[in-house]
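K.L.:
Residue numbers (my numbering): 1 to 284.
(1) Would you decide whether residue 255 is buried or exposed? Buried here means 16 or more other CB atoms lie within 10 Å of its CB.
(2) Name the two residues that bound the continuous beta strand (DSSP E) containing residue 231.
(3) Leaving aside the five residues before and after residue 223 along the sequence, list all residues of the same chain whose C-beta is less than 6 Å from its C-beta, in chain order.
(4) Quick check on residue 224: does DSSP put it in helix, strand or coil?
(5) Do you know how far the Cα of residue 248 is from the Cα of residue 127?
(6) State the beta-bridge partners of residue 175 as determined by DSSP.
(7) Going by C-alpha to C-alpha distance, which of 204, 221 and 279 sits closest to residue 238?
(8) Is the separation between the beta-carbon of residue 263 and that of residue 189 shorter than 9 Å?
(9) Using a Cβ-Cβ cutoff of less than 6 Å, which residues in the same chain neighbour residue 192 once the five nearest sequence positions on both sides are dropped?
(10) Measure the C-alpha to C-alpha separation of residue 169 and residue 180 and round it to an integer number of angstroms.
(11) Classify residue 236: buried if its beta carbon has 16 or more other beta carbons within 10 angstroms, exposed otherwise.
(12) Near residue 234, what residues of its chain come up, given a Cβ to Cβ distance below 6 Å and the 5 sequence neighbours on each side ignored?
(13) DSSP state of residue 242, grouped into three classes?
(14) Assuming residue 282 and residue 185 form a contact by the criterion Cβ under 8 Å, report the distance between their Cβ atoms to the nearest whole angstrom.
(15) So, with DSSP's three-state summary, where would you put residue 185?
(16) Are the beta-carbon atoms of residue 261 and residue 144 separated by less than 9 Å?
(17) Determine the closest residue to residue 134 out of 229, 206 and 216, with distance taken between C-alpha atoms.
(18) Do you know whose CA, among 162, 163, 172 and 253, lies nearest residue 156's CA?
(19) Quick one: what does DSSP say residue 284 is sitting in, helix, strand or coil?
(20) Comparing C-alpha positions only, which one of 150, 187, 271 and 154 sits nearest to residue 252?
(21) For residue 255, write down the residues that DSSP places opposite it in a beta bridge.
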């Protein structure tokens, strides 16, 4: 992570994942990297792509998808945080932080991933398969509401950039659904990404994500006019070098939700060292 970890192209580059950080953040190129600490006002620019209501059939959590999402987790999604915090003369506070968690299995979490012999998530059924139990069929999510922390956001649709890297939200005040993950309400972990802050806006859509607590509610409105209501199970902070890939992105036997943003503010490097992840399960 650096002062603009999302980079100039609005993507997380798997080639950078795991590079050690120095005082100026990890090696990166283009605006927002070392030598251009502030970056442009809105450097993460892929605009929303319109997609059909139905989510096409797919085998989720493939090796490629997992690698792209891990790269996102390492790169993080905050932008311009140096300007916001350092420019405030110490008066501005970093966002609320989740409780720390060790990498690996999270005791008590429902629907832990099924792991194959290779250590990768086992494949699940395609999106077109009839919903099991209380699960919902495929439908594009359109809105996200988290009353406990005052979040209401239209949802952007996130996929891959032309160079194969993962898109991140192009608007700091809007979250985005990664459309190669299950739709919210389908079986499996649906992934929604959001910024914690930005050079242009200050606090962004997921600024208070770390303040969520178990049993609080998250509502996702879908294009089929159904709502998927999730109950928070846990809010965890992970160092990027100990990110528990399978716990976050691995297949589950029930409909679940993952909300992800930057976390673990480092005052020395003036950057984020990890990610805040909210784990939730479908309540209704």
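Every residue, glycine too, gets a C-beta built ideally from N, C-alpha and C.
P.N.:
In this structure, then:
(1) The residue given as residue 255 occupies position 255 in the chain shown. Counting Cβ neighbours within 10 Å, residue 255 comes out buried, since at least 16 surround it.
(2) Taking the chain shown and counting its residues from 1, the one referred to as residue 231 is at position 231. From DSSP, the beta strand (DSSP E) with residue 231 extends over 227-239.
(3) For the purposes of this step, residue 223 is taken as residue 223 along the chain shown, with counting starting at 1. Counting only Cβ-Cβ distances below 6 Å, and skipping sequence neighbours, we find 53, 139, 140 and 142.
(4) Position 224 of the chain shown, counted from the start, is the residue given in the question as residue 224. It is coil, neither helix nor strand.
(5) For the purposes of this step, residue 127 is taken as residue 127 along the chain shown, with counting starting at 1. For the purposes of this step, residue 248 is taken as residue 248 along the chain shown, with counting starting at 1. In this prediction, residue 127 has a pLDDT of 40, which is less than 50 and means its spatial position is unreliable; what the coordinates show is noted afterwards. CA-CA distance, residue 127 to residue 248, rounds to 19 Å.
(6) For the purposes of this step, residue 175 is identified with residue 175 of the chain shown, where counting begins at 1. Residue pairing from DSSP places residue 175 in a beta bridge opposite 155.
(7) As a working mapping, residue 238 is identified with position 238 in the chain shown. Among 204, 221 and 279, the Cα nearest to that of residue 238 belongs to 279.
(8) Within the chain shown, residue 263 is the residue found at index 263, counting from 1. Within the chain shown, residue 189 is the residue found at index 189, counting from 1. For residue 263 and residue 189, no; Cβs fall outside 9 Å.
(9) Indexing the chain shown from 1 puts residue 192 at position 192. Here the set comprises 175, 177 and 259.
(10) Against the chain shown, residue 169 aligns to sequence position 169. Against the chain shown, residue 180 aligns to sequence position 180. Whole-angstrom Cα-Cα distance: 15 Å.
(11) Within the chain shown, the letter at position 236 stands for residue 236. By the neighbour-count rule (16 or more Cβ atoms within 10 Å), residue 236 is buried.
(12) Stepping through the chain shown from its first residue, residue 234 is reached at position 234. Correct list, in chain order: 279.
(13) The residue you call residue 242 lines up with position 242 of the chain shown. Note: residue 242 maps to helix in three-state DSSP.
(14) The sequence position of residue 282 within the chain shown is 282, counting from 1. The sequence position of residue 185 within the chain shown is 185, counting from 1. Contact flag correct, Cβ pair sits at about 6 Å.
(15) Counting from one through the chain shown, the residue named residue 185 turns up at place 185. Of the three classes helix, strand and coil, the one that applies to residue 185 here is coil, per DSSP.
(16) In the chain shown, the residue the question calls residue 261 occupies position 261. In the chain shown, the residue the question calls residue 144 occupies position 144. Not in contact: residue 261 and residue 144 (Cβ atoms no closer than 9 Å).
(17) Mapped onto the chain shown, residue 134 falls at position 134. It is 229 whose Cα lies nearest to the Cα of residue 134.
(18) What you label residue 156 is simply residue 156 of the chain shown in a count that begins at 1. The residue with the shortest Cα to Cα distance from residue 156 is 172.
(19) Residue mapping note: residue 284 aligns to position 284 of the chain shown, counting from 1. It is coil, neither helix nor strand.
(20) Residue numbering aside, residue 252 sits at position 252 when the chain shown is read from its first letter. Measuring from the Cα of residue 252, the nearest candidate turns out to be 187.
(21) Here residue 255 is taken as the residue at index 255 of the chain shown, counted from 1. Per DSSP, 188.
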